[in-house]
Structures are given as structure tokens and as C-alpha cells.
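Q:
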Amino acid sequence: MELFLKEDDKIFEQTKLAAGKMIIDIFGYDALLVGDLFDQDFLRASRIANKWRVTQNFEMPLNTEKFDFISDLCSISIAPEKIDLIVLPFVLESTERPYEVLGEMAELLVTDGYLLLIGVARWSFGRNNFFSKINSLAPHGSPSLFTIADLRSRLAESNLVIEKLESKYFGRFCDFKGTKEKSNNFLKKRLAICFGEVYLLLAKKKLMPVTPLRNLFDRNRKIIKSKILET
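So the number in the numbering used here is just where the residue sits in the sequence shown, counting from 1, plus 1018.
In C-alpha cells, the structure reads:
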């Protein structure tokens, strides 16, 4: 029996592949990729015309070929309701103000625009390189790990509704040499030790609810009428 750590490279590869499939049919004018964990080629397969990349890493010198601009993610100098697709790969885990970043991204989206969140689930443990480099993306004791219920609630506050949700799991698995493939797969499933989960969440921005103007008008008219009668 051989105990091995599932390679982080494969998890990243599977995550990027799944993320690419989620956004491939999204149309629009502008797409924004945030952070430096996904390379600039990630958006190449997207059907959106203009593709931009931003980082919050203020270290110099800047690689101008890699990023289009650098900015504080809580106050990006882009007009509101401008972007059709925003991709945040492991960004919320690395910031001290995740809710502000989430709110800023929601403001940048057009109505019917999409936000793709990729991150480490809160229940994941062993956030160090021994268990997985993926877990180490979230600093020890980081408050920026979310449950899906947390994210659903926060997104709803910005009129974002979850449309797709996928998970990738990583950990230690037992590989039994000398056994048939079917038996090996059975034992792997039963004896696997899962250390964490990477979630991929695609949310769509809905139109802001509008207060019925007719009801307001009727109410105001009654108030005016009552004042006239009193005089």
C-alpha cells in the first residue's frame, strides 16, 4: 500500500479547466481577471471581446506585460456597471477585507453580468504545505474562509444569484499496488482522507427591484387631500 498526496498541480489544472467551462459561453464586452494565480491565457477561450487583468500586489517592479493595471481591490478606478465577467481565483482568502472586495466587484458588474468565485472552503484544515499548498493560500487563522451559505447570503445583498456550483477535493489517498483497478478504486473511495475543498461558484447579477411608483403616488395623494380637508 502506498500513501500519497494528490498533486496540487493537478488540482489547479482541474480547477482551471472547470472554471474555463463555466465561462466559455458568457458573452459581453469586458472581462476582468483578478490576481496572479491564473495566468493571462485563462481568458483566451472566453467569447468576451475585451479582456483585462488587475492585481493588488504593489511590489515593484511591475510586469506590465502580465497585468493591465494595479489597484486596491476595494476601490478600483473602473466605472460602475461596466464589466460583464469578473473572475476571482483565491482572492477573497488573501485579503483582510473580503466583504468590501466582494461589494466592489458586484458594483462593477453590469445587470446580467457574471462573477466567478474560486476559493478554499471553510471546513478545509491543515493549512500548511505538508497537507497542501492549496490550503496554504489561506493564511493561518484567516477570517476569509466562507461556507457556501455565507457566500449565498453576501451575494444576495448585491442582487447576485448563484447559477452554478462545483467542488474539487484534495487530500491523501491510498493506492493499493497489485490489485485490480476496480478493487483499487473501491478501496480508494473508502479509505481516502480528504483535507479540503476548492469551490467554483458562478453568480449572476439580477436587476435591482423597483418600488412601485403607483402605490407611492396614491399614498401621497391621500395625504395631500387630508391636509386640504383639514384647512
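We treat Cβ as the ideally placed atom computed from N, Cα and C, and that holds for glycine.
Taking only three categories from DSSP, how would you classify Leu1225?
A: Position 207 of the sequence shown, counted from the start, is the residue given in the question as residue 1225. If DSSP states are grouped into helix, strand and coil, Leu1225 belongs with coil.
Q: Is Gln1032 closer than 8 Å to Lys1186 when the C-beta atoms are compared?
A: The residue given as residue 1186 occupies position 168 in the sequence shown. The residue given as residue 1032 occupies position 14 in the sequence shown. The answer is yes: Cβ separation under 8 Å.
Q: With DSSP collapsed to three states, give me the class of Ala1167.
A: Position 149 of the sequence shown, counting from 1, holds the residue named residue 1167. Three-state result, Ala1167: helix.
Q: Does the Cβ of Arg1065 have 16 or more other Cβ atoms within 10 Å, making it buried, or fewer, making it exposed?
A: As a position in the sequence shown, residue 1065 is number 47, starting the count at 1. The residue is exposed, with fewer than 16 neighbouring Cβ atoms inside 10 Å.
Q: Verify whether the separation of the beta carbon atoms of Asp965 and Gly1131 is less than 8 Å.
A: Within the shown structure, residues of the chain are numbered from 1019 to 1249, placing residue 965 beyond reach of any answer.
Q: Suppose the cutoff is 7 Å on Cβ atoms and the five residues either side in sequence are ignored; what does the same chain contact list for Ser1176 look like?
A: Numbered from its first residue, the sequence shown carries residue 1176 at position 158. Within the same chain, Ser1176 has close Cβ partners Gly1121, Ala1124.
Q: Would DSSP call Arg1071 helix, strand or coil?
A: By 1-based counting over the sequence shown, the position of residue 1071 is 53. Reduced to three states, the DSSP call for Arg1071 is strand.
Q: Which residues in the same chain have their Cβ closer than 7 Å to the Cβ of Ala1063, if we skip the five residues on either side of it in sequence?
A: In the sequence shown, the residue the question calls residue 1063 occupies position 45. Gly1038, Ile1042, listed in sequence order.
Q: Tell me the DSSP secondary structure of Val1109 in three-state form.
A: Residue numbering aside, residue 1109 sits at position 91 when the sequence shown is read from its first letter. Looking at Val1109 - three-state DSSP - the assignment turns out to be coil, as it is neither helix nor strand.
Q: Roughly how many angstroms separate the alpha carbons of Phe1164 and Gln1058, rounded to a whole number?
A: Sequence index remark: in the sequence shown, residue 1164 carries index 146 (1-based). Sequence index remark: in the sequence shown, residue 1058 carries index 40 (1-based). Taking the straight line from one Cα to the other gives about 26 Å.
Q: Distance check for Pro1116 and Lys1222, CA to CA, integer angstroms please.
A: Locating residue 1222 in the sequence shown gives position 204, counting from the first residue. Locating residue 1116 in the sequence shown gives position 98, counting from the first residue. Cα-Cα distance, rounded: 19 Å.
Q: Could you please give the first and the last residue of the uninterrupted beta strand (DSSP E) stretch that includes Leu1120?
A: Here residue 1120 refers to the residue found at position 102 when the sequence shown is read from its first residue. Run containing Leu1120: none in the beta strand (DSSP E); it sits in the alpha helix (DSSP H), 1116-1126.
Q: Once the 5 residues before and after Phe1045 are set aside, which same chain residues still bring their CB inside 6 Å of it?
A: Your numbering for residue 1045 matches position 27 in the sequence shown. The answer, listed in chain order, is Arg1065.
Q: State the Cα-Cα distance for the pair Arg1145 and Lys1224, rounded to the nearest angstrom.
A: Taking the sequence shown and counting its residues from 1, one reaches residue 1145 at position 127. Taking the sequence shown and counting its residues from 1, one reaches residue 1224 at position 206. The predicted model places Arg1145 with a pLDDT of 47, which falls under 50 and marks its position as unreliable; any figure quoted below should be read in that light. Near 35 Å, if we compare the C-alpha coordinates of Lys1224 and Arg1145.
Q: Taking only the alpha-carbon atoms, compute the straight-line gap between Lys1034 and Arg1172 and give it to the nearest angstrom.
A: What you label residue 1034 is simply residue 16 of the sequence shown in a count that begins at 1. What you label residue 1172 is simply residue 154 of the sequence shown in a count that begins at 1. Each residue's alpha carbon lies about 24 Å from the other.
Q: Looking at the structure shown, is Asn1146 part of a helix, part of a strand, or coil, going by DSSP?
A: On the sequence shown, residue 1146 is found 128 positions in, with the first residue counted as 1. A caution first: Asn1146 carries a pLDDT of 46, below 50, which makes its placement in the model too unreliable to give a value.
Q: Enumerate in chain order the residues of its own chain whose CB-to-CB distance from Glu1184 is below 6 Å, with the five nearest sequence positions on each side excluded.
A: Stepping through the sequence shown from its first residue, residue 1184 is reached at position 166. The answer, listed in chain order, is Ala1036, Leu1218.
Q: Name the two residues that bound the continuous beta strand (DSSP E) containing Ala1063.
A: Counting from one through the sequence shown, the residue named residue 1063 turns up at place 45. First-last for Ala1063: undefined, no H or E at that position.
Q: Who are the Cβ neighbours of Leu1106 in its own chain at under 6 Å, not counting the five residues just before and after it?
A: Position 88 of the sequence shown, counted from the first residue, corresponds to residue 1106. The residues are Val1052, Leu1135.
Q: What does the alpha-carbon distance come out to for the pair Arg1237 and Ile1094?
A: Translated into the one-based positions of the sequence shown, residue 1237 becomes position 219. Translated into the one-based positions of the sequence shown, residue 1094 becomes position 76. In this prediction, Arg1237 has a pLDDT of 49, which is less than 50 and means its spatial position is unreliable; what the coordinates show is noted afterwards. Between Arg1237 and Ile1094, the C-alpha separation is close to 41 Å.
Q: Assuming Thr1113 contacts Leu1133 under a Cβ cut-off of 8 Å, what Cβ separation, rounded to an integer in Å, is found between them?
A: Position 95 of the sequence shown holds residue 1113. Position 115 of the sequence shown holds residue 1133. With a Cβ gap of about 15 Å, Thr1113 and Leu1133 do not count as contacting.
Q: Beta carbon of Ile1166, beta carbon of Leu1126: below 8 Å?
A: Residue mapping note: residue 1166 aligns to position 148 of the sequence shown, counting from 1. Residue mapping note: residue 1126 aligns to position 108 of the sequence shown, counting from 1. Contact: no.
Q: State the Cα-Cα distance for the pair Asp975 and Phe1108, rounded to the nearest angstrom.
A: Residue 975 lies beyond the residue range present for the chain, which begins at 1019 and ends at 1249; the question has no answer from this structure.
Q: Going by other Cβ atoms of all chains shown within 10 Å of its Cβ, with 16 needed for buried, is Glu1111 buried or exposed?
A: The residue labelled residue 1111 in the question sits at position 93 within the sequence shown. Glu1111 comes out buried.
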